[in-house]
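Asks: Residue numbers for the sequence shown follow my numbering, beginning at 958 and rising by one.
The structure that follows is given in the form of structure tokens.
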Amino acid sequence: MIASKGWTDKPFYHPDAAPGRITFDAEASRHAEILITACGLDPKKATFADMESLSVHVECLACKGKKRLAMGWRAALLHSLNEHGARLRNGEQISSRWSVVKNANDLKRIMAEELRPPLWQKTTRIGLRCTLPNCNAHMICLKGQRDAFDWHSAVAHKNLSRASDTSMVSHYLAPVQF
């Protein structure tokens, strides 16, 4: 299921859009379990709303570099799947490890970095027009950001074929180095 834009506790799903496509992903579940445990909750009982109410930033301990990498829990789950998944390393164990950022100075640096607009936001705006028959929808998006079109397609036309984890969550704050 996909988190609905604008709602933090209700999933976006329309059965006509993807009948029979919902499956259990054991690896994604394991990533979520690791992250939820790091945040101090019981993965067997924690809900989406519980995670949202924490309002935490977590640091990826598996990413090694000169700067540390921090993000909110939703971005952390996607980061974990995309960067530290067993599928990426031919079945090896999941390598994600998380720590809740508690230091006040670190949190200030992270939040300041999150407020800084990414480079792609300083680029040109483009207009997109829905190409589906009998639809005259037009959207203005920042170049490189097509999530408005993906949401239009999913909601107005019950078409999830363009939806992906990254397009449906691009309104979440991206990971930042601090």
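Even for Gly, the Cβ is constructed at its ideal location relative to N, Cα and C.
Treat the numbers as computed from the prediction; the structure is a model and nothing was measured.
Assign residue 1097 to one of three DSSP states: helix, strand, or coil.
Replies: Position 140 of the sequence shown, counted from the first residue, corresponds to residue 1097. Correct three-state label for residue 1097: strand.
Asks: Give a yes or no on whether the C-beta atoms belonging to residue 996 and residue 1057 are separated by under 9 Å.
Replies: If you number the sequence shown from 1, residue 996 lands on position 39. If you number the sequence shown from 1, residue 1057 lands on position 100. Cβ distance < 9 Å, so residue 996 and residue 1057 count as in contact.
Asks: So is residue 984 buried or exposed if we call it buried at 16+ other beta carbons inside 10 Å?
Replies: Here residue 984 refers to the residue found at position 27 when the sequence shown is read from its first residue. Answer is exposed; the Cβ neighbour count stays below 16.
Asks: Return the first residue and the last residue of the beta strand (DSSP E) that residue 1026 is part of.
Replies: Translated into positions along the sequence shown, residue 1026 becomes position 69. Where residue 1026 is concerned, the enclosing beta strand (DSSP E) stretches over 1026-1028.
Asks: When you compare the CB positions of residue 1063 and residue 981, do they come within less than 9 Å of one another, or not?
Replies: Within the sequence shown, residue 1063 is the residue found at index 106, counting from 1. Within the sequence shown, residue 981 is the residue found at index 24, counting from 1. Taking 9 Å as the Cβ cut-off, residue 1063 and residue 981 do not qualify as a contacting pair.
Asks: Shortest alpha-carbon distance to residue 1050 belongs to which of 1131, 999, 988 and 993?
Replies: Here residue 1050 refers to the residue found at position 93 when the sequence shown is read from its first residue. Closest option to residue 1050, Cα to Cα, is 988.
Asks: Would you kindly work out how many angstroms separate the C-alpha atoms of residue 1012 and residue 1052, rounded to a whole number?
Replies: Position 55 of the sequence shown, counted from the start, is the residue given in the question as residue 1012. Position 95 of the sequence shown, counted from the start, is the residue given in the question as residue 1052. Whole-angstrom Cα-Cα distance: 24 Å.
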